[in-house]
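Okay, structure first, notes after.
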Amino acid sequence: MSTSVARSSVDTDLAELLPEGTARPPDVPREIFDAALRIILGQRRLDMRSLAAELKIGRTTLYRKAGSRDQLLGQVMWYLTRQALVRAYHEAAGLSGSTRVLLIIEHFLMFVSQQPSLRRLLESEPEAALRVLTSKHGIVQRGIVEALERLLAMEDRRGFRPVIDRPTLAYAIVRIGESFLYADVIADKKPDVGKAVTVIAQLLRE
């Protein structure tokens, strides 16, 4: 396979995995999103009053344009999550089936666990962090589940047939990942990506 054809195949798969790509969210003004992103990456608390003052706009305007604090925080975390998903996808280049799916999941969990801004958020605002990251109503968990369903669908076309149906499997994998990734906040235990991968591997059996 030529390099150009291989690159085209990768681009097609990535477009299917993340239809929205890795760009900033279109429904949040660029200046607001970038300011919020800088705050999170700087491991500072996202305070809407301070953000409005920094942007020289009223809080009412900020809320109207960006939504609630949780919504804006969710958009930032989903943006960072999409970056991690793409990095993880590239780590599994050339693989297929359960091996590919598991390696993408493993690298994704590793990238997320090593994100300083996420650890800072979990340590300083555990309740808000879990609400934004793990709620079924939030953009982050829903987005990861949907991306994982699409990944499983891609591998299904290549012959991968796990025992568990796709929607159930995708949701279960995400919940297991959350349980081990955020174990220090959820259960006062040390986060353990390795154990999460071990459990998830059992779910991927054909």
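Under the numbering used here, the first residue of the sequence shown is numbered 940, with each subsequent residue one higher.
We put the beta carbon where it would ideally sit given N, CA and C, even for glycine.
Where residue i sits in the DSSP three-state scheme
i	result
L1091	helix
E993	helix
Q1141	helix
I1103	coil
A1126	coil
Q1080	helix
S1074	coil
R1114	helix
L957	coil
G1033	coil
D986	coil
G981	coil
D1131	coil
R1097	coil
V944	Annotation note: pLDDT 45 at V944 (below 50); position unreliable, coordinate value reported separately. V944: helix per DSSP, three-state reduction.
Y1121	coil
N-terminal and C-terminal residue of the alpha helix (DSSP H) that residue i is part of
i	result
V967	Where V967 is concerned, there is no enclosing alpha helix (DSSP H), given that its DSSP letter is neither H nor E.
H1046	G1036 to S1052
G1013	R1008 to E1030
P1055	P1055 to S1063
R998	R998 to A1005
For residue j and residue i, the rounded distance between their alpha carbons
i	j	result
T1028	R1039	Inspection of the sequence shows that residue 1028 is occupied by Tyr rather than by Thr. Straight-line Cα distance between these residues: approximately 9 angstroms.
S1052	I1078	19 angstroms
L956	L994	34 angstroms
G960	K1129	32 angstroms
G1133	L1041	11 angstroms
F1047	V1136	11 angstroms
Q1141	I1043	15 angstroms
R984	R1059	9 angstroms
M1016	G997	24 angstroms
E1085	T999	33 angstroms
I1139	G1116	8 angstroms
P1055	L980	8 angstroms
A1067	A1031	32 angstroms
T951	P958	10 angstroms
P1065	L1057	10 angstroms
R977	D966	18 angstroms
A1109	S1118	14 angstroms
A1126	K1075	19 angstroms
V949	A992	43 angstroms
D1131	L1120	6 angstroms
E970	A1023	23 angstroms
L1001	L990	8 angstroms
T1073	L1061	12 angstroms
Beta-carbon gap between residue i and residue j smaller than 8 angstroms
i	j	result
F1050	Q1014	no
E1145	R1096	no
M975	L1019	First, the residue type needs correcting, since residue 975 is Ala and not Met in the sequence shown. Against a cut-off of 8 angstroms, the Cβ pair of L1019 and A975 comes out as no contact.
G1036	E1088	no
R1008	M987	yes
R1081	A1092	no
L953	V1025	yes
I1083	V1124	no
Any C-beta of chain C under 8 angstroms from that of residue i
i	result
E1085	Although the question refers to chain C, the structure presented lacks it and comprises just one protein chain.
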